[in-house]
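A.B. asks: First residue of the sequence shown: 1, per the working numbering; consecutive thereafter.
All C-beta atoms in this analysis are idealised placements derived from N, C-alpha and C, irrespective of residue type, glycine included.
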Amino acid sequence: MKFGGTSVADLERIRNVARHVKREMDAGQEVAVVVSAMAGKTNELVAWCRETGSHFDNEEYDAIVASGELVTAGLLALALRDMGFQARSWQGWQIPILTDDAHGAARIQKIDGRALIEGFGRREIAVVAGFQGVHARTNRVTTLGRGGSDTSAVGLAAAIGADRCDIYTDVDGVYTTDPRVVPKARRLDKVSFEEMLEMASLGAKVLQVRSVEMAMVHKVRLYVRSSFDDPANPKLGTLICDEEDIMEQQIVTGIAFSRDEGQITLRDVADKPGVAAAIFGPLADANINVDMIIQVVSDDTTTTDLTFTVSGADFERAKSILANSREAIGFTKLSGAQDVVKISAIGVGMRSHSGVAARAFRALADKGINIRAITTSEIKFSVLIDEAYTELAVRTLHTLYGLDARG
Ligand code: ASP
Ligand code: MG
Numbered sequence: 001m002k003f004g005g006t007s008v009a010d011l012e013r014i015r016n017v018a019r020h021v022k023r024e025m026d027a028g029q030e031v032a033v034v035v036s037a038m039a040g041k042t043n044e045l046v047a048w049c050r051e052t053g054s055h056f057d058n059e060e061y062d063a064i065v066a067s068g069e070l071v072t073a074g075l076l077a078l079a080l081r082d083m084g085f086q087a088r089s090w091q092g093w094q095i096p097i098l099t100d101d102a103h104g105a106a107r108i109q110k111i112d113g114r115a116l117i118e119g120f121g122r123r124e125i126a127v128v129a130g131f132q133g134v135h136a137r138t139n140r141v142t143t144l145g146r147g148g149s150d151t152s153a154v155g156l157a158a159a160i161g162a163d164r165c166d167i168y169t170d171v172d173g174v175y176t177t178d179p180r181v182v183p184k185a186r187r188l189d190k191v192s193f194e195e196m197l198e199m200a201s202l203g204a205k206v207l208q209v210r211s212v213e214m215a216m217v218h219k220v221r222l223y224v225r226s227s228f229d230d231p232a233n234p235k236l237g238t239l240i241c242d243e244e245d246i247m248e249q250q251i252v253t254g255i256a257f258s259r260d261e262g263q264i265t266l267r268d269v270a271d272k273p274g275v276a277a278a279i280f281g282p283l284a285d286a287n288i289n290v291d292m293i294i295q296v297v298s299d300d301t302t303t304t305d306l307t308f309t310v311s312g313a314d315f316e317r318a319k320s321i322l323a324n325s326r327e328a329i330g331f332t333k334l335s336g337a338q339d340v341v342k343i344s345a346i347g348v349g350m351r352s353h354s355g356v357a358a359r360a361f362r363a364l365a366d367k368g369i370n371i372r373a374i375t376t377s378e379i380k381f382s383v384l385i386d387e388a389y390t391e392l393a394v395r396t397l398h399t400l401y402g403l404d405a406r407g
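Right, here's the structure in full:
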């Protein structure tokens with residue numbers, strides 16, 4: 001059972017979480033719980049790190065930001081004891097949850113589940129601090145990247161051979177799109193791992209991308225459900241599972257969107273071999289992920305135009321790297337825009353149906369929405385449009401693919 005920041009935001013909510021755990025214990029289950037820090041805590045710790053001085057250090061950053069989860073793990077153990085259960089808190093290094101040394105975005109390498117399993121024999125509940133691990137060689141605390149408690153939970157579930165991993169959050173499951181944008185969004189009963197991976201990567205914020213990857217690899221059955229349901233009688237939420245376990249498959253399962261995009265255009269780039277490498281090589285060296293790429297077809301001229309997108313966080317850095325390599329690349333003009341949004345439709349049904357994206361292009365055109373860039377892959381397509389049209393475009397596609405709730 002994993003509980004996110006809003007589910008453990010204060011003592012009353014922590015007691016409420018304990019009631020959810022009680023239900024499972026009373027039903028005879030063996031339970032390991034993973035907790036996030038209280039809502040807002042990690043942001044505060046991150047801000048403190050920045051404000052302390054200019055000697056930023058990744059290892060100390062991790063030592064500091066990992067502390068939020070220590071508090072909630074201890075408090076939940078206390079609340080469970082108060083209900084008469086045996087419970088203890090676990091910090092990442094105590095289990096241990098071993099990771100690489102990529103501080104701030106470490107990857108789990110190995111989790112030893114034995115101590116926890118031993119505790120289950122004594123009916124002891126393990127309350128584990130999410131988001132953190134330890135690097136074996138340096139013995140330093142690491143963190144798994146923002147939202148990393150999801151990954152802690154899935155990793156732990158795999159390590160102890162759990163029957164299931166329930167991710168409790170402040171919504172009651174995965175929706176066809178963000179209900180704040182489309183009131184007719186529907187909760188999905190089941191989503192395949194692959195679709196969930198795309199949705200999470202393309203902007204849906206329910207689960208950390210890595211947690212879905214890990215669940216897919218280790219075949220962990222994941223439920224996304226709400227901690228605000230009645231602890232005695234909660235709803236099951238959304239099951240993330242293998243594609244084969246989903247009988248009635250829609251062509252499109254969900255619409256995701258991300259406003260965190262920057263578009264960069266280079267004009268009059270020399271049209272000769274090696275130019276793409278000259279542009280994208282330095283960006284890759286700077287760890288900047290490039291997403292959509294459009295190159296205008298070259299005709300008889302000797303130059304071409306090139307447009308691509310990066311995440312909003314990398315936008316300024318990417319522009320300055322390109323400006324610095326202007327000589328090597330040879331372009332006449334560099335321009336950029338951040339008032340763009342990437343809207344994606346996801347569904348495994350696209351593998352076997354043609355014309356799925358074409359219908360969207362027509363529908364968007366009918367609403368007067370101009371498409372700046374397009375990408376497609378096996379189970380999704382994305383369009384880049386002006387941010388001002390976000391709501392209209394998402395609603396249009398949601399209706400077009402029959403995702404609106406009935407009634
Ligand atoms: N507390 C961490 C964060 O806010 C990890 C998590 O909540 O999953 O990113
Ligand atoms: Mg989260």
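Tell me which residues pass a beta-carbon proximity test against the ligand MG: closer than 6 Å to any heavy atom, given in chain order.
C.D. replies: Chain-ordered list of matching residues: 4, 147 and 150.
A.B. asks: Just checking residue 42 against the ligand ASP - is the residue's beta carbon closer than 7 Å to any of the ligand's heavy atoms?
C.D. replies: At least one heavy atom of the ligand ASP is nearer than 7 Å to the Cβ of residue 42, so yes.
A.B. asks: Look at residue 283 and residue 275 and say whether their C-beta atoms are less than 8 Å apart.
C.D. replies: No; because the gap between Cβ atoms is not below 8 Å, this pair is not in contact.
A.B. asks: Under 8 Å between the Cβ atoms of residue 2 and residue 166?
C.D. replies: In this structure, residue 166 lies closer than 8 Å to residue 2 by Cβ.
A.B. asks: Does residue 245 pass the burial test, meaning 16 or more other C-beta atoms within 10 Å, or should it be called exposed?
C.D. replies: Residue 245 should be labelled exposed.
A.B. asks: Does any heavy atom of the ligand ASP sit closer than 7 Å to the C-beta of residue 69?
C.D. replies: True, at least one ligand heavy atom lies under 7 Å from that Cβ.
A.B. asks: In angstroms with no decimal places, state the Cα-to-Cα distance between residue 296 and residue 320.
C.D. replies: Their Cα atoms are separated by approximately 23 Å.
A.B. asks: To which residues of the same chain is residue 15 closer than 7 Å at the C-beta, ignoring the five residues directly before and after it?
C.D. replies: Cβ neighbours of residue 15 beyond the five flanking positions: 79.
A.B. asks: Please indicate yes or no: does the CB of residue 325 lie closer than 7 Å to some heavy atom of the ligand ASP?
C.D. replies: Not under cutoff, so the answer is no.
A.B. asks: Going by CA-CA distance only, name the one from 122, 263 and 182 that's closest to residue 85.
C.D. replies: It is 122 whose Cα lies nearest to the Cα of residue 85.
A.B. asks: For residue 235, count neighbouring C-beta atoms within 10 Å of its own C-beta (all shown protein chains included) and say buried if the count is 16 or more, exposed if not.
C.D. replies: With fewer than 16 Cβ atoms within 10 Å of its Cβ, residue 235 is classed as exposed.
A.B. asks: Leaving out the 5 sequence neighbours to the left and right, which residues in its chain are closer than 6 Å to residue 401 when beta-carbon positions are compared?
C.D. replies: Closer than 6 Å at the Cβ level, and outside the excluded window around residue 401, lie 252.
A.B. asks: Among 209, 355 and 343, which has the Cα closest to the Cα of residue 395?
C.D. replies: Ranking 209, 355 and 343 by Cα distance to residue 395 puts 343 first.
A.B. asks: Decide if residue 172 is buried, meaning its Cβ has at least 16 other Cβ atoms within 10 Å, or exposed.
C.D. replies: Classification of residue 172: buried, given that the 10 Å Cβ count is 16 or more.
A.B. asks: Buried or exposed for residue 258, please, with buried defined as at least 16 other CB atoms from any protein chain shown within 10 angstroms of its CB.
C.D. replies: Under this definition residue 258 is a buried residue.
A.B. asks: Could you give the first and the last residue of the continuous beta strand (DSSP E) run that contains residue 267?
C.D. replies: Per DSSP, residue 267 belongs to the beta strand (DSSP E) from 261-270.
A.B. asks: Taking 8 Å as the cut-off, decide whether the C-beta atoms of residue 288 and residue 307 are in contact.
C.D. replies: No. Outside cutoff.
A.B. asks: Would you kindly check if the distance between the Cβ of residue 204 and the Cβ of residue 144 is under 8 Å?
C.D. replies: Cβ distance not < 8 Å, so residue 144 and residue 204 don't count as in contact.
A.B. asks: Using three-state DSSP, classify residue 386 as helix, strand or coil.
C.D. replies: In the structure shown, residue 386 sits in a strand (DSSP, three-state: E or B).
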